[in-house]
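Scroll down for the structure; my scribbles are underneath it.
Numbering (UniProt numbering), first residue to last: 1 to 103.
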């Protein structure tokens, strides 16, 4: 009976490691977010592609507080209150989500 549990466990482990994300979805290549925490009302987002980025920012309750698209690297967050937010960046078919702190 112990051998059966061992075989089943190994089977599940091998299947889970064998799963690869489908398509090109995943984290954005070369993603950099700075400064974090933000103190001057501006945050910079750099990526390898340097393509237009759709930005979504959510508060800790999951409410969307900002939606914009940037072409360069600078994002103005001066209208947001101090606190902790979730930043979601979409660039082409890639997505990156990070915690953003505004002081």
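Glycine included, every Cβ here is placed at the ideal spot set by N, Cα and C.
Residues bridged to residue i (per DSSP)
i	result
residue 83	102
residue 58	64, 86
residue 28	Paired residue(s): none; residue 28 is not in a bridge.
residue 97	88
Residue i, enclosing beta strand (DSSP E) - first and last residue
i	result
residue 33	32-34
residue 71	Taken as a continuous stretch (DSSP letters only), residue 71 belongs to no beta strand (DSSP E), as it is neither H nor E.
residue 43	42-46
Cβ-Cβ distance between residue i and residue j below 8 Å
i	j	result
residue 87	residue 102	no
residue 69	residue 54	yes
residue 41	residue 77	yes
residue 84	residue 94	no
residue 82	residue 27	no
residue 92	residue 33	no
C-alpha gap between residue i and residue j, whole angstroms
i	j	result
residue 89	residue 56	7 Å
residue 75	residue 36	12 Å
Task: Three or more C-beta pairs below 8 Å linking the segment 57-66 and the segment 32-48 - done: Taking 8 Å as the limit for Cβ pairs, the verdict is that the segment 32-48 does not touch the segment 57-66.
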